[in-house]
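Contents: one structure, followed by commentary.
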Amino acid sequence: MMLTKAPKGTKDLLPQDSYKWQFIEKTIREVCAAFAFKEIRTPVFEHTELFARGVGDTTDIVQKEMYTFLDKGGRSITLKPEGTAGVARSFIENSLYADAQPTKLYYLSTPVFRYENPQAGRLREHHQFGVEVFGAAEASIDAEIISIALTLFKKLGIKGLKLNINSIGCSKCRPDYNQKLKEYFNSNKGNLCKTCRERLNKNPLRILDCKEESCAPVIKNAPVILECLCEECQNHFEMLKGYLESLGISYSVNPYIVRGLDYYEKTVFEIISTDIGAQGTVCGGGRYDGLIEQLGGPKTPGIGFGLGIERLLIVMESQGIAFFGGDFADVYICTQGDEAKLSGFKMAQELRDKGISTETDHMGRSMKAQFKYANKIGAKYVIVIGGDELKKGVVKLRDMKEGNEREINSHNIIKELSKIFNF
Numbered sequence: 063m064m065l066t067k068a069p070k071g072t073k074d075l076l077p078q079d080s081y082k083w084q085f086i087e088k089t090i091r092e093v094c095a096a097f098a099f100k101e102i103r104t105p106v107f108e109h110t111e112l113f114a115r116g117v118g119d120t121t122d123i124v125q126k127e128m129y130t131f132l133d134k135g136g137r138s139i140t141l142k143p144e145g146t147a148g149v150a151r152s153f154i155e156n157s158l159y160a161d162a163q164p165t166k167l168y169y170l171s172t173p174v175f176r177y178e179n180p181q182a183g184r185l186r187e188h189h190q191f192g193v194e195v196f197g198a199a200e201a202s203i204d205a206e207i208i209s210i211a212l213t214l215f216k217k218l219g220i221k222g223l224k225l226n227i228n229s230i231g232c233s234k235c236r237p238d239y240n241q242k243l244k245e246y247f248n249s250n251k252g253n254l255c256k257t258c259r260e261r262l263n264k265n266p267l268r269i270l271d272c273k274e275e276s277c278a279p280v281i282k283n284a285p286v287i288l289e290c291l292c293e294e295c296q297n298h299f300e301m302l303k304g305y306l307e308s309l310g311i312s313y314s315v316n317p318y319i320v321r322g323l324d325y326y327e328k329t330v331f332e333i334i335s336t337d338i339g340a341q342g343t344v345c346g347g348g349r350y351d352g353l354i355e356q357l358g359g360p361k362t363p364g365i366g367f368g369l370g371i372e373r374l375l376i377v378m379e380s381q382g383i384a385f386f387g388g389d390f391a392d393v394y395i396c397t398q399g400d401e402a403k404l405s406g407f408k409m410a411q412e413l414r415d416k417g418i419s420t421e422t423d424h425m426g427r428s429m430k431a432q433f434k435y436a437n438k439i440g441a442k443y444v445i446v447i448g449g450d451e452l453k454k455g456v457v458k459l460r461d462m463k464e465g466n467e468r469e470i471n472s473h474n475i476i477k478e479l480s481k482i483f484n485f
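Sequential numbering from 63 applies to the sequence shown in our numbering.
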C-alpha cells in the first residue's frame, strides 16, 4: 500500500539511529563555534526564480531535478534543492551586508530536495550541513572554510580523505576560456552525449562536469582553465595554496573540478572519500563573488561549502567509527506492586529534574521482564523497588555493567546518583 510506504528517495530516521545524527550535529556545532560561525535557518521552500537565477538555468538541478509547484496563489514555489541560494537571499533581505563584515554563517541538517535517481547517501530528500561567508575576498577565508571541513572530519575520526582544488576563473578570464571550450568541443561534437551537445553553446563549462562515460575521453583532453586565468585569479589561487600549506593541509590540483552550480568562480574544491564508491565526494564548495549582486544585492564576495549528512554517516559507518550517546536511559526503575510503582513513578520525575535520564515501566511487565528491558535499552543502573524495600525504606541499586547490587536509603538515592553521573 502506498499509504504505508515512504515515497521513493526518502527515508525515515528511526530512534535507534537518531543518536548518530545528534552526535554529528553536536560535533558540527562545536567546530563552527571554534571558527566563530553563527547558525542561520532559512525556509524549506523559496520562490522558483531564486534558484533559476542563483543556481543557474543551465544546471541539471534547475533543468531536471527541482521539486517545483504552483501554490494556491498561483506563485511558482520550489523546495530547496541546495542551501546557498536561500542563505544569500536572506543576507540581502535582512540587510546583513550592513553589519560588520565578514558574515560567517552555517546551517545544519537542512532538508534539500532533488528529483534524481537515489544513490549512496544521496536521496531525493537528504540533509546538508553547509557554511557560507560573505564579505571576504581574500584567499585566507577560502583556506579557512576548507580547514573547517577537514577539522570536522578529523574530530569525527574520518580517515582516507583527499582534498582536490581548482580555480575556474572569473568574469574577466572565463569568457576567453569558454570560447576555447566551444571551439574544442565543437570539433568533437559527435563524441558528446545529447545533454553536452545542448550545453555546448549555452554553458560549455558544464560539459566538464558530465559523468557520462562516452564524454570522459573528450573531457580529458579539453583546454585547462588554469592556463587561461587572469593575473588576479592566478594570484588568488597561489595565495590559497600558500595558506593551505601554512596549515599543513595536503591538496591536489584537479583542473577538471567545476562543481555543478553556475554561481561558482575562482576557488572550487572537493573532499573525496574512497569508502562510498564512485560517487565519492563528501564535501564540495567554492567561491561565488557575483551571486549577491546577481540576486539584487550589493557587490559582495562570498564562499561556502555543503556536505550531506547521510553521506557522512556512510563514510563513518564504513570505517567503523564509534558514535557516542546511543543509550536511551541512564537509570531504569524496576517496580513490583501498585505502591512500589507509584513510588517509582515519583522518583523517576525527581531524577529527571536533576538531569538524569530515567525510564520506568508502563507496560505491566514482570520484574524479570523489566530487567530484560532495562538491559535492552542500555540502562547503566537499575533501581529496584518492591514491597520489602518499601517496608525498610530502601531501594536496591544495581550497576548493570559490573553486576553488583547494594541497598541505599530511599532518601539518599537521588544524591547518590547525582554523584555517580556528576550532576
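Cβ atoms here follow ideal geometry from the backbone N, Cα and C, with glycine treated the same way.
Go through the segment 93-136 residue by residue and report every complete run of the alpha helix (DSSP H) that reaches 4 residues or more, in order.
110-113
Between the segment 245-258 and the segment 341-361, can you find at least three pairs of beta-carbon atoms closer than 8 Å?
no
Using the C-alpha atoms, what's the distance from residue 108 back to residue 132?
12 Å
Close Cβ partners of residue 297 (< 7 Å) along its chain, the five nearest in sequence each way excluded
none
Along the chain, which unbroken stretches of the beta strand (DSSP E) at least 3 residues long are found entirely within the segment 384-409?
393-397
Using a 10 Å radius around the Cβ and a threshold of 16 neighbouring Cβ atoms, would you call residue 289 buried or exposed?
exposed
Mind checking residue 424: buried by the 16 CB within 10 Å criterion, or exposed?
exposed
Which two residues bound the contiguous beta strand (DSSP E) that contains residue 521?
Look at the range of the chain in this structure, 63 to 485, and you will see that residue 521 is not part of it.
Mapping DSSP to helix, strand and coil, what is residue 508?
Nothing can be reported for residue 508: it is not among the residues displayed for the chain, which extend from 63 to 485.
DSSP three-state assignment for residue 218, whether helix, strand or coil
helix
First and last residue of the alpha helix (DSSP H) that includes residue 295?
293-308
Going by DSSP, what residue range makes up the alpha helix (DSSP H) through residue 374?
371-380
List the DSSP bridge partners of residue 238.
Answer is none; residue 238 lacks a bridge partner.
Three-way DSSP call (helix, strand, coil) for residue 73 in this model:
coil
With residue 219 and residue 383 assumed to form a contact (beta carbons below 8 Å), what rounded beta-carbon distance in angstroms separates them?
5 Å
8 Å contact criterion, which residue 371 and residue 171 should meet: CB distance rounded:
6 Å
Length of the line joining the Cα atoms of residue 196 and residue 390:
41 Å
Does the segment 324-343 come into contact with the segment 230-240, if we say contact requires no fewer than three beta-carbon pairs (one atom in each stretch) closer than 8 Å?
yes
Once you ignore the five residues that flank residue 419 on each side, which residues in its own chain have a CB closer than 6 Å to its CB?
391 and 392
CA-to-CA distance, residue 459 to residue 332, given in whole angstroms
52 Å
Which same chain residues, not among the five before or five after residue 480, have their C-beta less than 8 Å away from its C-beta?
416 and 418
Once the 5 residues before and after residue 381 are set aside, which same chain residues still bring their CB inside 8 Å of it?
219, 220, 221, 222 and 337
Using the rule of at least 16 other Cβ atoms within 10 Å of the residue's Cβ for burial, across every protein chain shown, is residue 409 buried or exposed?
buried
Along the chain, which unbroken stretches of the beta strand (DSSP E) at least 3 residues long are found entirely within the segment 311-347?
329-335
Please report the straight-line C-alpha distance between residue 378 and residue 335, rounded to a whole angstrom.
11 Å
What residue range does the alpha helix (DSSP H) around residue 151 cover?
146-155
Sheet register partners of residue 139 (DSSP bridge)
109 and 131
For a test of the three-state rule: what should DSSP assign to residue 414, helix, strand or coil?
helix
For residue 193 and residue 308, what's the separation of their Cα atoms in angstroms?
22 Å
Same chain, Cβ closer than 7 Å to residue 154, five either side skipped, listed in chain order
354, 357, 358 and 359
Taking 8 Å as the threshold (C-beta atoms), are residue 345 and residue 211 in contact?
yes
Can you tell me which of the three DSSP states residue 461 falls into?
strand
With distances taken from CA atoms, which of 431, 427, 401 and 434 is nearest residue 449?
401
Would you grab the beta carbon distance between residue 152 and residue 102 for me? Rounded to a whole angstrom, and I think it's under 8 Å.
7 Å
Can you tell me whether residue 181 is buried or exposed? The criterion is at least 16 other CB atoms within 10 Å of its CB, across all chains shown.
exposed
Of the residues 306, 387, 281 and 99, which one's Cα is nearest the Cα of residue 255?
281
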